[in-house]
Amino acid sequence: MQVFKAYIKVMLKHLPTAIIYLVVFVGIAVAMTFAGLGSESSVFKEQQLKLCVFDEDNTAASNALAEYLSQKDEIVAVENDDTALTDALYYKTIDYAVTINKGFEEKLISGETDELFTGRGLHGDVNESLALSRLDGYVSAVRAYMAAGHDLDTALSKAQTALADGSKVELVAKESEKAAMGLEPYFRYLTYILLCIMLSILCPVIVILCRSDIRSRAQCSGIKTTSYFLQIFLGGAVFVIAVWLILVAVGLALYADSLSGRAAVAVANSFVFALVAASWAIFISCFAPGGSAVNVMTQIISLANSFLCGVFVPMSLLSDGVLKVARFLPGYWYVKLNDMLLGSSRSVKASQAAMYMLIEAAFAVVPLLLAILVRRSARQKSAAC
Amino acid sequence: MENTPETIVKISSLVKRYGDLLAIDHLDLQINKGEVFGLLGPNGSGKTTTINCLLSLLSFDKGSIEIFGKEMTPTSYDIKRKIGLIMQNVAVFDELTVYENIDYFCGLYVSDKAQRKALVEEAIKFVGLDEFTKFYPKKLSGGLLRRLNIACGIAHKPELIILDEPTVAVDPQSRNKILEGIQQLNREGATVIYTSHYMEEVEQICSRIAILDKGKKIAEGSCGELKQLIKNTETVNIELPSLPQNVHSALASLPHVYEVRYDDELLTVRCSGGRHNLIRILDVLQKNDISFGRVYSELPTLNDVFLEITGKELRDKE
Ligand SMILES: Nc1ncnc2c1ncn2[C@@H]1O[C@H](COP(=O)(O)OP(=O)(O)O)[C@@H](O)[C@H]1O
Ligand SMILES: [Mg+2]
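Keeping their order, the protein sequence lines are chains E and R. Note that the first sequence covers residues 1 to 385 in my numbering. Note that the second sequence covers residues 1 to 318 in my numbering.
Below, the structure is given as structure tokens:
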């Protein structure tokens, strides 16, 4: 087990880098979680949305709605312009923009439900659902009072009073949403940190053990080639599993209250991704990059995978072009499955989960095969190793 | 009673090509037990390639290699266990200390812990790195690094030690220590193959020498035998400000003189056999009233052997 031991020793020398990554990552995760917990009570009290309202109807009914919204939420003025709105949504100046369409009052009286409003928000965003349910709630309340025989004006004012303290139910919904949001981003960010650690540590260690001079010394010794590579493989496996276990354990400990069968699948998903990251490290090690080249490549690959695949920026904000490219990256499939398991969409079939993980696994197998090819042709060309 | 010596390494008509380049050209070598065998040749003559083929690190095109009487193949682990290799480049882990490095490479041969500990400590003492066991290679000077490289190759007490230019870029003091070490290992029973492009080293420690040029063995024998192969017996060097043509001719027609060269204010006269060559040459100069500076006479070196056979200097003039 000499090679294995040397592997671990060399690895330990590179460990400070990994520890820095781990500490920073876990530290940020913990800080974000507890910061979120601290403000939770105030979130319940206020739970305001930042809305932008355009009243195109300008009738008693539409004015009353605008008035109701301004009491419930914060109204932010934004130019009624496509770019301005997109920017405002992106930078979170507003959570949702609603246009009260022309004919709102007439439709309200006649009982029509189509196209009362035109809304704009981030697709799949919690705030969008909140805004929509608020508008729906208001319209149904007014309808109910009118059906009960009140005229429009009375119905409008009664609805407003009735809805004034009807927020309890939404708060509960928000609370469970909040907890799941902890686990989901944590596992999402895992893709970044796993790539960073594997590429910046596994890769240089393999480069060292496969350096031709050190390899030829081993090749001249009594140790069998298969045993040599087996021990290198074992050393790598121990490292990958250890890093993965630590990261998953921290995540599960931080968000223990939201564990479920889905979380178990998400854990499996993250293991598949750890293998992908390790396999990429092995592939890159074939080209024996120097220390700074490894760092540059680590950052390029982990950041590209993160930004293109919706790790840092939600997929809903990415353009179709970017998402098409992202399909060729493992992070895309990982983040999608993770979102299905832990995120807002919350719908996933077992077969779908299995397929996504298989696609990810393909991103691990292909670089491994390429690595074997590259090493073999390099061995045929070079003098030793 | 004198037995025929045991053959340790036998290379027969070895041919190795790198694409179009013929790196080893039908090389035959036989190395016997207890020898310090020198492989001497200029850079690019094929020394490292020969060693790599010998160790099955490199496949070759033709020929056969036997070590300890058995054919050497990439899977001849029993043969490999008895060989120690010290490569041209220092091959150690920068991440491991001196002790850990030697322990690692020794551990590729010896798995028993207690036995290995003793061997590693002995190797450290042998190369004189006692005070540096906890140092990392980056902190060692060139000479100490070379000694570490050697310790890594010999800690397991191999019967056959192969050293490929172990003294490149080493200060004279470390170099002497290394050469003495090799001779001591040889006295303790190891057979040694030593490659170098420094003829002085080879002359100093090798009992038999093969001279390589462009992948071909151009001569083989003990140092004395090699020098007898050539006609040169003495080279006389004289510093002169100028040399008229008639004096040049007079010198060339002296008995036993076979070459007269004059460049950079230095007169070089090569003689074969005979005595009193120096006196006769100085006599010619005095008669022609030519004043001269420093005078020195040299016995033939392996460089002269190489020069006479190939027409080139062994070492590139720096
Ligand atoms: N891997 C290689 N590919 C192509 N040519 C090589 C390779 N290694 C060595 N050579 C060539 O083979 C010849 C012998 O090289 P080498 O054995 O390293 O010489 P030495 O060790 O005597 O300096 C040189 O001309 C060198 O350029
Ligand atoms: Mg060489």
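All C-beta atoms, glycine included, are put in the ideal place defined by N, C-alpha and C.
So which residues of chain E does residue i contact, with C-beta pairs closer than 8 Å?
| i | result |
| --- | --- |
| residue 89 of chain R | 213 |
| residue 95 of chain R | 9, 10, 13, 14, 208 |
Note down the Cα distance separating residue i from residue j, rounded to an integer number of angstroms.
| i | j | result |
| --- | --- | --- |
| residue 26 of chain E | residue 131 of chain R | 42 Å |
| residue 70 of chain E | residue 356 of chain E | 44 Å |
| residue 200 of chain E | residue 276 of chain E | 14 Å |
| residue 304 of chain E | residue 85 of chain E | 27 Å |
| residue 256 of chain R | residue 249 of chain R | 14 Å |
| residue 155 of chain E | residue 81 of chain E | 33 Å |
| residue 51 of chain R | residue 377 of chain E | 22 Å |
| residue 353 of chain E | residue 135 of chain R | 52 Å |
| residue 158 of chain E | residue 24 of chain E | 53 Å |
| residue 84 of chain R | residue 252 of chain E | 52 Å |
| residue 167 of chain E | residue 342 of chain E | Bear in mind that the predicted position of residue 167 of chain E carries a pLDDT of just 45, short of 50, making it unreliable; the figure below should be weighed with that in mind. Computed Cα separation, rounded: 25 Å. |
| residue 118 of chain E | residue 92 of chain E | 19 Å |
| residue 373 of chain E | residue 187 of chain R | 47 Å |
| residue 239 of chain E | residue 206 of chain E | 12 Å |
| residue 308 of chain R | residue 221 of chain R | 16 Å |
| residue 206 of chain R | residue 281 of chain R | 35 Å |
| residue 158 of chain R | residue 242 of chain E | 39 Å |
| residue 209 of chain R | residue 202 of chain R | 8 Å |
| residue 191 of chain R | residue 68 of chain R | 11 Å |
| residue 77 of chain R | residue 369 of chain E | 28 Å |
| residue 166 of chain R | residue 182 of chain R | 10 Å |
| residue 271 of chain E | residue 339 of chain E | 16 Å |
| residue 72 of chain E | residue 116 of chain E | 20 Å |
| residue 40 of chain E | residue 3 of chain E | For residue 40 of chain E, the predicted structure reports a pLDDT of 41, less than 50, and the residue's modelled location is therefore unreliable. A value from the coordinates is still provided. Straight-line Cα distance between these residues: approximately 52 Å. |
| residue 300 of chain E | residue 256 of chain E | 33 Å |
| residue 149 of chain E | residue 77 of chain E | 36 Å |
| residue 392 of chain E | residue 306 of chain E | Only positions 1 to 385 of chain E appear in this structure, which leaves residue 392 of chain E out of reach. |
| residue 147 of chain R | residue 74 of chain R | 28 Å |
| residue 244 of chain E | residue 235 of chain E | 14 Å |
Could you check which residue in the options has the C-alpha nearest to that of residue i?
| i | options | result |
| --- | --- | --- |
| residue 128 of chain R | R:110, R:99, R:114, R:156 | R:99 |
| residue 145 of chain R | R:64, R:28, R:91 | R:91 |
| residue 314 of chain E | E:90, E:235, E:135 | E:90 |
| residue 200 of chain R | R:82, R:12, R:314 | R:314 |
| residue 425 of chain E | E:118, E:197, E:137 | Because chain E in this structure spans residues 1 to 385, residue 425 of chain E falls outside the shown range and cannot be described. |
| residue 135 of chain E | E:152, E:146, E:108, E:153 | E:108 |
| residue 348 of chain E | E:48, E:300, E:266 | E:266 |
| residue 215 of chain R | R:17, R:229, R:209 | R:17 |
| residue 213 of chain R | R:11, R:48, R:6, R:12 | R:48 |
| residue 335 of chain E | E:281, E:244, E:233, E:183 | E:183 |
| residue 243 of chain R | R:268, R:29, R:229 | R:268 |
| residue 57 of chain E | E:220, E:105, E:32 | E:105 |
| residue 287 of chain R | R:246, R:46, R:93 | R:246 |
| residue 101 of chain R | E:7, E:161, E:362 | E:7 |
| residue 11 of chain R | R:44, R:169, R:233, R:72 | R:72 |
| residue 101 of chain E | E:202, E:143, E:54, E:371 | E:54 |
| residue 29 of chain E | E:99, E:264, E:248 | E:248 |
| residue 55 of chain R | R:79, R:133, R:265 | R:79 |
For residue i, go through chain R and note every residue whose CB falls closer than 7 Å to its CB, in chain order.
| i | result |
| --- | --- |
| residue 231 of chain E | Within 7 Å Cβ-Cβ: nothing; residue 231 of chain E doesn't reach chain R, min ~11 Å. |
Give the C-beta separation of residue i and residue j to the nearest angstrom, bearing in mind that I take them to be a contact with Cβ-Cβ under 8 Å.
| i | j | result |
| --- | --- | --- |
| residue 141 of chain E | residue 96 of chain E | Not a contact, Cβ separation roughly 19 Å. |
| residue 10 of chain E | residue 95 of chain R | 5 Å |
| residue 281 of chain E | residue 309 of chain E | About 18 Å; that fails the 8 Å criterion. |
| residue 186 of chain E | residue 311 of chain E | The pair is not a contact, with the Cβ atoms about 11 Å apart (cut-off 8 Å). |
| residue 94 of chain E | residue 52 of chain E | 5 Å |
Just the chain E side, please: which residues come within less than 7 Å of residue i by C-beta, in chain order?
| i | result |
| --- | --- |
| residue 55 of chain R | 220 |
| residue 104 of chain R | 2, 6 |
| residue 100 of chain R | 9 |
| residue 107 of chain R | 2 |
| residue 80 of chain R | 220, 221, 222 |
Which residues in chain R sit within 8 Å of residue i, going by Cβ to Cβ distance?
| i | result |
| --- | --- |
| residue 256 of chain E | Correct list: empty, because the minimum Cβ distance to chain R is about 38 Å. |
| residue 299 of chain E | Within 8 Å Cβ-Cβ: nothing; residue 299 of chain E doesn't reach chain R, min ~23 Å. |
| residue 29 of chain E | Near residue 29 of chain E there are no residues of chain R at all, since even the closest Cβ is about 30 Å away, more than 8 Å. |
Which chain R residues sit within Cβ distance under 9 Å of residue i?
| i | result |
| --- | --- |
| residue 224 of chain E | 75, 77 |
| residue 216 of chain E | 52, 55, 57, 85, 87, 91 |
| residue 361 of chain E | Chain R residues near residue 361 of chain E: none, gap ~32 Å exceeds 9 Å. |
- Query: Is the number of C-beta pairs between the region 161-174 of chain R and the region 263-279 of chain R that are closer than 8 Å three or more?
  - Reply: no
- Task: Pair every Cβ in the region 219-232 of chain E with every Cβ in the region 59-66 of chain E, then say whether three or more of these pairs are closer than 8 Å.
- Result: no
- Should the region 217-229 of chain R be called in touch with the region 48-67 of chain R, which here means at least 3 C-beta pairs below 8 Å? no
- Task: Tell me, please, whether the region 37-50 of chain R touches the region 178-196 of chain R by the rule of three or more beta-carbon pairs shorter than 8 Å.
- Result: yes
- Message: Assess contact between the region 97-115 of chain R and the region 147-154 of chain R, defined as three or more Cβ pairs (one per stretch) separated by less than 8 Å. Is contact present?
- Response: yes
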